[in-house]
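From first to last, the protein sequence lines are chains A and B.
Under this note's numbering, the first residue of the first sequence is numbered 34, with each subsequent residue one higher.
Under this note's numbering, the first residue of the second sequence is numbered -13, with each subsequent residue one higher.
No residue lacks a Cβ here, since even glycine has one placed at the ideal position from N, Cα and C.
Here's the structure, in structure tokens; my notes come after.
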Amino acid sequence: MKKLINKPDDLVKEELAGMAVAHADLIRVDFEQNIIVRKDAPVQGKVGVISGGGSGHEPMHGGFVGHGMLDAACPGAVFTSPVPDQMLAATQAVNGGMGVLHIVKNYTGDILNFEMAAELAEAEGIHVASVVTNDDVAVQDSLYTAGRRGVGVTVLLEKIVGGFSETRAPLDAVAALARKVNDHGRSMGMALTSCTVPAAGKPTFELGEDEMEIGIGIHGEPGRHRVKLASADEITEMLAAPIIDDLGLKSGESVLAFVNGMGGTPLIELYVVYNALHHILHGKNITIARSLVGNYITSLEMAGCSITLVRMDDELLKYWDAPVHTPALRWGM
Amino acid sequence: MTNQDIMRWLEHTADVLQENRVYLTQLDSAIGDADHGINMDRGFTSVRGKFAAMATMDSSTCLKTVGTTLVSTVGGASGPLYGTAFLRAGMAVSGKQELAAADIVAMLEAFLGGIVARGKAHPGEKTMVDALTPALAAAKQALAEGASLAVITQRAHEAAAEGMKATIPMLATKGRASYLGERSIGHQDPGATSSWLILGCLAEVCQDML
């Protein structure tokens, strides 16, 4: 295992320490509670917006803490949900008197831990609304699974909802906007390699030189299908087609197009995928209103990419464009 | 079982989960995200750190302390599931100084009840419920037959082993394994395996009490 780390057990702690000093102008890290909080929290009169999840997906979620996006993030062990104590501490830290929104990705661990945390917060008199992201079209949403995973839409939702919360909108409106983004967004990912969880010491699964995994999640777990390696154009078609189909995207509609790197794929390749995506959407007369290309929701050093499309309207555009200043995203200020 | 016996069970469990850390993680690589062994070891290492304080607690408080510790340290789905299990187990033996066979069975029933209440899994979904459900049934049967605690817990352990192996051909419909669809078939569930290990430790401690 070749990684840029010291001892595997110290990885998350040292990462948080690095973030704390690198971005001391934007965030503070509470090492006792293991949470990342925006420097000016709690912002009075504003709904607090928090999320959390396993580490290993950086910059999600800690890199999205700051003005216009998340008020706090809870980092768990690598690929492991954080615990209710962290979420409760984060909820308390961002409580500006208007309640707190929990953005929860649909994984059993995240769901169960956030559920327990919301119960604890309510018991303390803090009103919590929870929104679940479940945008992954690789998984059949049926009685026979734990439901669709929360993946790329989570990033876009955190930005849009964070932007809206800065207007001092009330909790139910903020939660409603979050659900709207989730309802209008879909994603699909693929991997060229697995990744290695430091404490495990070896890749979670093995892929041959000429193989790729379609329909991956973000935790290095195997996906739905293992197929022969194809060209970037063919891969983009394989990812985009089920998204467009599931969203029911029609000619004349407008989207936010997000091509995300899983961590181990260079930007040069992500732009090739974006180009192919652009052609596919253009061919269907679907306008790309806004784009995002880069590593935003990763899986350690996994090579691969995911595509997310969100159907946009004026409201979503307005809050996407709203000013944001976090370690990973900054515009308008 | 006295408080000391419960402590012995927990100490043995901490040791066994540490020894099986890599094994559980390997099982979790096949159909999960390769962290079950790591997480359970971390949780029970934290529990180990509280043994000195727990030595002066009654069994009920001991078990509840294990529960809250696991919730606070394990993370993932296992934290809330096993955490709630131990919390409910503790509640089931509240106020008792010595736990008779019927109390231990009631404790196991509450343990499983906590997992089902939190995770809402049914038997057949390829989870820890598939090891614990037959284990509880075997324990109740043995209790009804007037068997000793050693026999009751041994039967529970054996039934858990059967249940754990029965998860191999199952299609996962809960948790991370469910995303794999049919690829989850042919692999033993890591949660069922850790449940079997925990019950094995209980059986061994009860054997030694003879």
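Would you grab the beta carbon distance between P92 (chain A) and A126 (chain A) for me? Rounded to a whole angstrom, and I think it's under 8 Å.
What you label residue 92 (chain A) is simply residue 59 of the first sequence in a count that begins at 1. What you label residue 126 (chain A) is simply residue 93 of the first sequence in a count that begins at 1. With 8 Å as the limit, P92 (chain A) and A126 (chain A) do not qualify as a contact, their Cβ atoms being about 20 Å apart.
Should P108 (chain A) go down as buried or exposed, given a rule of 16 or more other Cβ atoms within 10 Å for buried?
Taking the first sequence and counting its residues from 1, one reaches residue 108 (chain A) at position 75. Under this definition P108 (chain A) is a buried residue.
Three CB pairs or more closer than 8 Å across the region 11 to 19 of chain B and the region 42 to 50 of chain B:
no
Keeping to the same chain, check which residues put their C-beta closer than 6 Å to that of L324 (chain A); ignore five residues upstream and five downstream.
Start at 1 with the first residue of the first sequence, and residue 324 (chain A) comes out as number 291. The identity of residue 324 (chain A) in the sequence shown is Ser, whereas the question assumes Leu. The answer, listed in chain order, is A290.
How would you call S264 (chain A), buried or exposed, if buried means at least 16 neighbouring beta carbons within 10 angstroms?
One-based indexing of the first sequence puts residue 264 (chain A) at position 231. Flag for S264 (chain A) reads exposed.
I need the straight-line Cα distance from C192 (chain B) to E84 (chain B), nearest angstrom please.
The residue given as residue 192 (chain B) occupies position 206 in the second sequence. The residue given as residue 84 (chain B) occupies position 98 in the second sequence. The straight-line gap from Cα to Cα measures roughly 13 Å.
How about the region 162 to 169 of chain A and the region 204 to 216 of chain A: do they share at least three Cβ pairs that are nearer than 8 Å?
yes
Pull up the CB-CB distance for V343 (chain A) and V288 (chain A), whole angstroms please, since I reckon it's below 8 Å.
Within the first sequence, the letter at position 310 stands for residue 343 (chain A). Within the first sequence, the letter at position 255 stands for residue 288 (chain A). At roughly 6 Å, the Cβ-Cβ gap stays under 8 Å, so V343 (chain A) and V288 (chain A) are in contact.
Using a cut-off of 7 Å between C-beta atoms, extract the partners of G18 (chain B) located in chain A.
Here residue 18 (chain B) is taken as the residue at index 32 of the second sequence, counted from 1. Going along chain A in sequence order, the residues near G18 (chain B) (Cβ under 7 Å) are E254.
Pull up the distance between the alpha-carbon of M114 (chain B) and that of S114 (chain A), whole angstroms please.
Here residue 114 (chain B) refers to the residue found at position 128 when the second sequence is read from its first residue. Here residue 114 (chain A) refers to the residue found at position 81 when the first sequence is read from its first residue. Whole-angstrom Cα-Cα distance: 18 Å.
What residue range does the alpha helix (DSSP H) around N(-11) (chain B) cover?
One-based indexing of the second sequence puts residue -11 (chain B) at position 3. Per DSSP, N(-11) (chain B) belongs to the alpha helix (DSSP H) from -11 to 5.
So, are the CB atoms of V62 (chain A) and A110 (chain A) less than 8 Å apart?
Locating residue 62 (chain A) in the first sequence gives position 29, where the first residue counts as 1. Locating residue 110 (chain A) in the first sequence gives position 77, where the first residue counts as 1. Against a cut-off of 8 Å, the Cβ pair of A110 (chain A) and V62 (chain A) comes out as no contact.
With a threshold of 16 other CB atoms inside 10 Å of the CB of Q140 (chain B), please say whether the residue is buried or exposed.
Within the second sequence, numbered from 1, the residue matching residue 140 (chain B) stands at position 154. Result: buried.
DSSP bridge partner residues for N293 (chain A) (one or two, in chain order):
The residue labelled residue 293 (chain A) in the question sits at position 260 within the first sequence. For N293 (chain A), which the question treats as bridged, DSSP gives the partners A:G327, A:S339.
With a threshold of 7 Å, establish whether the CB of V184 (chain A) neighbours any heavy atom of the ligand MG.
This structure lacks the ligand MG, and indeed carries no ligand of any kind.
For W182 (chain B), which residues does DSSP report across the bridge?
Looking up residue 182 (chain B) in the second sequence gives position 196. Its beta-bridge partners do not exist; DSSP assigns none.
Residue-level contact to chain A via CB, A96 (chain B), 8 Å cutoff:
Taking the first residue of the second sequence as 1, we reach residue 96 (chain B) at position 110. So, not an interface residue.
Reference M77 (chain B), options B:G53, B:H(-2), B:A87, closest by Cα:
Residue mapping note: residue 77 (chain B) aligns to position 91 of the second sequence, counting from 1. Of B:G53, B:H(-2), B:A87, the residue nearest in Cα terms is B:G53.
Starting from T166 (chain A), follow the beta strand (DSSP E) in both directions and report where the run begins and ends.
Along the first sequence, one-based indexing puts residue 166 (chain A) at 133. Element bounds for T166 (chain A): 161 to 166.
Since I believe A88 (chain B) is in contact with L118 (chain B) (beta carbons under 8 Å), could you give me their beta-carbon distance rounded to a whole number of angstroms?
In the second sequence, residue 118 (chain B) corresponds to position 132, counting from 1. In the second sequence, residue 88 (chain B) corresponds to position 102, counting from 1. Not a contact, Cβ separation roughly 18 Å.
Go ahead and pull the three-state DSSP assignment for K112 (chain B).
If you number the second sequence from 1, residue 112 (chain B) lands on position 126. K112 (chain B) falls in the coil class under three-state DSSP.
May I ask you to list the residues that DSSP assigns as paired with C107 (chain A)?
Numbered from 1 along the first sequence, position 74 holds the residue referred to as residue 107 (chain A). C107 (chain A) pairs with A:G85.
Any beta carbon of chain B sitting closer than 8 Å to that of M149 (chain A)?
The sequence position of residue 149 (chain A) within the first sequence is 116, counting from 1. At least one chain B Cβ lies under 8 Å of M149 (chain A).
Just the chain B side, please: which residues come within less than 7 Å of D118 (chain A) by C-beta, in chain order?
Against the first sequence, residue 118 (chain A) aligns to sequence position 85. The answer, in chain order, is S58.
Anyone know if the C-beta pair for G185 (chain A) and S227 (chain A) falls short of 8 Å?
Stepping through the first sequence from its first residue, residue 185 (chain A) is reached at position 152. Stepping through the first sequence from its first residue, residue 227 (chain A) is reached at position 194. Contact flag unset, no.
State the DSSP-derived secondary structure class of R344 (chain A), mapped to helix, strand or coil.
Taking the first sequence and counting its residues from 1, one reaches residue 344 (chain A) at position 311. Reduced to three states, the DSSP call for R344 (chain A) is strand.
Please give me, in chain order, every unbroken run of the alpha helix (DSSP H) with length at least 4 that falls completely inside the region 117 to 163 of chain B.
135 to 152
From S80 (chain B) to P120 (chain B), what does the alpha carbon distance come to, in whole angstroms?
By 1-based counting over the second sequence, the position of residue 80 (chain B) is 94. By 1-based counting over the second sequence, the position of residue 120 (chain B) is 134. If I take the Cα positions, the gap works out to 25 Å.
C-alpha distance - D346 (chain A) paired with F64 (chain A), whole-angstrom precision
Indexing the first sequence from 1 puts residue 346 (chain A) at position 313. Indexing the first sequence from 1 puts residue 64 (chain A) at position 31. One C-alpha to the other measures close to 40 Å.
Can you tell me whether E348 (chain A) is buried or exposed? The criterion is at least 16 other CB atoms within 10 Å of its CB, across all chains shown.
For this step, residue 348 (chain A) is matched to residue 315 along the first sequence. When all chains shown are included, E348 (chain A) counts as exposed.
Could you say which of B:I24, B:T59, B:N(-11), B:F97 lies nearest to V8 (chain B) if we only look at CA atoms?
Here residue 8 (chain B) is taken as the residue at index 22 of the second sequence, counted from 1. When each option's Cα is compared against that of V8 (chain B), the closest is B:I24.
So, Q127 (chain B) versus M150 (chain B), is the Cβ gap smaller than 8 Å?
The residue labelled residue 127 (chain B) in the question sits at position 141 within the second sequence. The residue labelled residue 150 (chain B) in the question sits at position 164 within the second sequence. Contact flag unset, no.
If we cut at 8 Å on Cβ distances, does N25 (chain B) have a partner in chain A?
Locating residue 25 (chain B) in the second sequence gives position 39, where the first residue counts as 1. Yes - at least one Cβ of chain A is within 8 Å of the one on N25 (chain B).
Proximal residues of chain A, C-beta to C-beta of K160 (chain B) below 9 Å
By 1-based counting over the second sequence, the position of residue 160 (chain B) is 174. Per Cβ cutoff of 9 Å: T141, T178, A179.
Which residue or residues does DSSP assign as beta-bridge partners of I69 (chain A)?
To locate residue 69 (chain A), count along the first sequence from 1; it is residue 36. Bridge partners of I69 (chain A): A:V62, A:A106.
If R181 (chain A) sits next to V188 (chain A), beta carbons under 8 Å apart, how far is it from one beta carbon to the other, in whole angstroms?
Reading the first sequence from its first residue, position 148 is the one you call residue 181 (chain A). Reading the first sequence from its first residue, position 155 is the one you call residue 188 (chain A). Going by Cβ atoms, the distance from R181 (chain A) to V188 (chain A) rounds to 16 Å, so no, they are not a contact pair.
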